[in-house]
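Residue numbers (full-length UniProt numbering): 1 to 284. What follows is a short report on a single structure.
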Ligand code: PRT
Ligand code: ZN
């Protein structure tokens with residue numbers, strides 16, 4: 001029995017999907033010009049597909065699980081489960097209007113022509129806000145629609161914002177914040193479920209590790225308690241004596257979010273020689 005996973009064949013999510021599998025210790029060949037491949041050290045078969053087709057393949061059970069943008073999952077509205085977020089492919093689905101247009105709120109969208117590749121998500125958003133607009137579905141280069149007179153506004157994916165900027169548009173509403181997710185078929189059998197759990201366990205360990213750093217520092221023993229109190233650690237920090245009397249080496253794990261604040265406090269408390277090291281896997 002093998003678990004069959006669908007990932008994007010080429011495009012923005014392809015490399016990060018492969019990278020995550022590799023970080024999970026799963027060896028696969030890259031999918032250039034290939035439809036599918038097998039992992040050599042995990043019971044996993046990998047299908048390379050267009051991202052738009054992944055929810056349907058997973059719903060139909062052609063693939064058991066898939067990696068795809070949440071934006072595509074919501075747009076395709078297929079009956080699949082989202083098992084976890086994957087931490088890559090981050091973007092937002094936003095409304096944008098020409099920079100010269102004054103914008104005072106979502107009510108301004110009423111009666112406008114909006115171009116998008118996401119008609120389902122857009123229609124739901126407009127309905128929730130009591131707006132009637134004319135949705136023009138187009139499949140690519142949505143950002144040029146206002147410039148050629150096809151639409152008054154657009155609803156498109158944004159990451160850096162430079163595409164909007166270059167086309168004279170401004171982002172005015174964020175409809176959805178999206179990232180890649182792992183989706184699963186609703187009817188996995190017990191064996192497939194077990195393999196999925198094994199994979200999820202590894203994905204969580206990789207994700208946790210990315211959000212944390214291993215920190216080593218030298219602390220004067222006089223101020224050791226103060227320094228320890230600043231550090232969370234997985235249980236509590238490790239403290240080892242240095243060869244030089246009066247000093248200790250303190251090891252701990254810090255979350256990316258509070259990282260700089262804690263480092264500053266540690267320095268202020270007399271910590272020296274602070275080393276920050278990436279963590280590869282984290283299992284708690
Ligand atoms: O061939 P296939 O159908 O598989 O790929 P695709 O061309 O449909 O999708 P692809 O590879 O472009 O994107 C796949 C997924 O990446 C999307 O569904 C999102 O989940 C995610 N993603 C993350 C993005 C972006 N960021 C993004 N910036 N998808 C598209 N964009 C486009 C956006 O449409 C716009 O044209 O990039 C432009 C905006 O980028 P900025 O940086 O200029 O704001
Ligand atoms: Zn696509």
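Backbone N, C-alpha and C fix where the C-beta goes; we use that ideal spot for every residue, glycine too.
Closer than 7 Å: residue i CB and nearest the ligand PRT heavy atom
| i | result |
| --- | --- |
| residue 143 | yes |
| residue 51 | yes |
| residue 158 | yes |
| residue 78 | no |
| residue 89 | yes |
| residue 4 | no |
| residue 204 | no |
| residue 12 | yes |
| residue 69 | yes |
| residue 250 | no |
| residue 17 | no |
| residue 170 | no |
| residue 8 | yes |
| residue 72 | yes |
| residue 178 | yes |
Euclidean distance between Cα positions of residue i and residue j
| i | j | result |
| --- | --- | --- |
| residue 123 | residue 69 | 19 Å |
| residue 74 | residue 237 | 43 Å |
| residue 214 | residue 168 | 44 Å |
| residue 7 | residue 249 | 44 Å |
| residue 35 | residue 184 | 20 Å |
| residue 5 | residue 284 | 26 Å |
| residue 146 | residue 16 | 32 Å |
| residue 80 | residue 62 | 13 Å |
| residue 227 | residue 271 | 7 Å |
| residue 105 | residue 38 | 50 Å |
| residue 72 | residue 159 | 16 Å |
| residue 45 | residue 26 | 11 Å |
| residue 232 | residue 126 | 45 Å |
| residue 235 | residue 273 | 23 Å |
| residue 205 | residue 190 | 23 Å |
| residue 198 | residue 47 | 19 Å |
Other residues of its chain near residue i: CB distance less than 8 Å, five sequence neighbours each side excluded
| i | result |
| --- | --- |
| residue 12 | 89 |
| residue 161 | 171 |
| residue 179 | 69, 70, 85, 86, 87, 88, 89, 90, 91 |
| residue 64 | 3, 4, 5, 58, 184, 185, 188, 192, 196 |
| residue 83 | 65, 181, 182, 183, 184, 196, 200 |
| residue 262 | 230, 231, 254 |
| residue 265 | 230 |
| residue 110 | 131, 132, 133 |
Spatial neighbours of residue i in its chain, beta-carbon cut-off 7 Å, leaving aside the 5 residues before and after
| i | result |
| --- | --- |
| residue 291 | There is no way to answer for residue 291, as the model of the chain reaches only from 1 to 284. |
| residue 43 | 1, 2, 3, 195 |
| residue 21 | 28 |
| residue 115 | 136, 138, 142, 145, 150, 151, 154 |
| residue 241 | 248 |
| residue 164 | 96, 143, 158, 170, 171 |
Exposure of residue i, with buried meaning 16 or more beta-carbon neighbours within 10 Å
| i | result |
| --- | --- |
| residue 99 | exposed |
| residue 246 | exposed |
| residue 253 | buried |
| residue 156 | buried |
| residue 9 | buried |
| residue 53 | buried |
| residue 142 | buried |
| residue 102 | exposed |
| residue 243 | exposed |
| residue 268 | exposed |
| residue 97 | buried |
| residue 51 | buried |
| residue 49 | buried |
| residue 133 | buried |
| residue 55 | buried |
Sequence-distant residues of its chain with Cβ nearer than 6 Å to residue i (five each side left out)
| i | result |
| --- | --- |
| residue 276 | 213, 215 |
Heavy atom of the ligand FAD within 7 Å of residue i beta-carbon
| i | result |
| --- | --- |
| residue 163 | Among the ligands in the structure shown, the ligand FAD does not appear; only the ligand PRT and the ligand ZN can be found there. |
Assumed close pair residue i, residue j - CB separation to whole angstroms, cut-off 8 Å
| i | j | result |
| --- | --- | --- |
| residue 176 | residue 93 | 4 Å |
| residue 95 | residue 173 | 4 Å |
| residue 209 | residue 279 | 4 Å |
CB contact below 8 Å: residue i versus chain C
| i | result |
| --- | --- |
| residue 28 | Looking at the structure shown, chain C is missing, and only one protein chain is on hand. |
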